[in-house]
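Student:
Numbering (our numbering), first residue to last: 1 to 88.
#1: Alpha carbon to alpha carbon, how far is residue 33 from residue 26?
#2: Thinking C-alpha only, which one of 42, 19, 47, 6 is nearest residue 30?
#3: Which two residues bound the contiguous alpha helix (DSSP H) that contains residue 33?
#4: By a C-beta neighbour count over all protein chains shown, 10 Å radius and 16 as the cutoff for buried, is residue 68 buried or exposed?
#5: Quick check: the Cα distance between residue 22 and residue 46, rounded to an integer number of angstroms?
#6: Can you tell me which of the three DSSP states residue 53 falls into?
#7: Closest by CA to residue 1, which one among 10, 12, 39, 19?
And the structure:
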């Protein structure tokens, strides 16, 4: 996917450990804007769904892919952190 608009901008598509919800929202909004005009949006989304990727791919969050029946295969760091917060 050499034509991907996100090429070289992975910081928008993968959260850091301990990322605050407000920052995540802003980061994903920025990622969504990059994806909106991307020439490989649909192939990227398909790839993420098929491979059950973590992170923001093809204009979708992990949660949006999971809701569409394509949950990530491995648990993301964010999912573990959110579960820990809910448990405390």
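All C-beta atoms in this analysis are idealised placements derived from N, C-alpha and C, irrespective of residue type, glycine included.
Tutor: On the basis of the data shown:
#1: On the chain shown, residue 33 is found 33 positions in, with the first residue counted as 1. On the chain shown, residue 26 is found 26 positions in, with the first residue counted as 1. Approximately 11 Å between the Cα atoms of the pair.
#2: One-based indexing of the chain shown puts residue 30 at position 30. Looking at the Cα atoms, 6 is the closest of the given residues.
#3: Taking the first residue of the chain shown as position 1, residue 33 is located at position 33. Per DSSP, residue 33 belongs to the alpha helix (DSSP H) from 21-36.
#4: Along the chain shown, one-based indexing puts residue 68 at 68. The residue in question, residue 68, is exposed, as its Cβ has fewer than 16 Cβ neighbours within 10 Å.
#5: Taking the chain shown and counting its residues from 1, one reaches residue 22 at position 22. Taking the chain shown and counting its residues from 1, one reaches residue 46 at position 46. Going by the C-alpha atoms only, they are around 28 Å apart.
#6: For the purposes of this step, residue 53 is taken as residue 53 along the chain shown, with counting starting at 1. Coil, per DSSP.
#7: Numbered from 1 along the chain shown, position 1 holds the residue referred to as residue 1. When each option's Cα is compared against that of residue 1, the closest is 39.
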